[in-house]
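Have a look at the structure below before the remarks.
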Amino acid sequence: MELGRYEMKTYNTIVEFKTAYYSFYLPLACAMVLGGVESEAAYESCKEICIEMGTYFQAQDDYLDCFGDPAVIGKIGTDIEDNKCGWLICKGLEKMTEDQRRVIQDNYGKKDPECVAKIKQVYRDIDVEKDFKEYENESYKKLQGLIDQQTFVPAGVYMKLLKKIYKRQK
18 MELGRYEMKT YNTIVEFKTA YYSFYLPLAC AMVLGGVESE AAYESCKEIC
68 IEMGTYFQAQ DDYLDCFGDP AVIGKIGTDI EDNKCGWLIC KGLEKMTEDQ
118 RRVIQDNYGK KDPECVAKIK QVYRDIDVEK DFKEYENESY KKLQGLIDQQ
168 TFVPAGVYMK LLKKIYKRQK
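Sequential numbering of the sequence shown, starting at 18, is according to this note's numbering.
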């Protein structure tokens, strides 16, 4: 397995096209079209906010897949077994030791509960949960700033979406 493919730049590109556009930007852009919005700047502003929101949402989904309570989220996460390019692996690789990287190399993407447990232990050892909580708070502040700066869509529209996903448990 090539660990070099798990980089935040790659992750962000995947998330932009996998989650941010269809879950956040396109629904709002369609509403804007139906509402008669013609300003290109309005759509650009909407896209910037929605890509940021979609990226945060996907990172949160990746976090819950690993650390969420299956009874609450309604499923047992399989991102590790499925060899996903997720937020946790990308962030974690930025700070792992060579020994920890070897554990990842030997166990990531394997459908074996012992391998999954080893990956999760590395995540705990490097405190990737803390990293996510910091990212979550930074994303919220950044999104609030972007929402406050734009003047095209009522801020309440974006804030309703943000409040729905911020610190969600499922």
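All C-beta atoms in this analysis are idealised placements derived from N, C-alpha and C, irrespective of residue type, glycine included. For clarity, every value in this text was computed on a predicted model and none was experimentally measured.
With a beta-carbon spacing of about 14 Å, G94 and V145 fall beyond the 8 Å limit used to define contacts. Taking 8 Å as the cut-off, the Cβ atoms of M18 and Y152 do not count as close. Linking V50 to R118 through their CA atoms gives a straight-line distance of about 48 Å.
Within the same chain, and ignoring the five residues on either side of C132 in sequence, the residues whose Cβ sits closer than 7 Å to its Cβ are N124. The way I'd put it, the segment 62 to 72 does touch the segment 158 to 167; three or more beta-carbon pairs between them come closer than 8 Å. In this structure, D79 is the residue among K128, D79 and S40 with its C-alpha nearest to the C-alpha of Y28. CA-CA distance, K184 to G53, rounds to 33 Å. Of the residues assessed, D96 falls on the buried side of the cut-off, its CB having 16 or more other CB atoms within 10 angstroms. Remark: C-beta atoms of K187 and V32 do not approach each other more closely than 8 Å.
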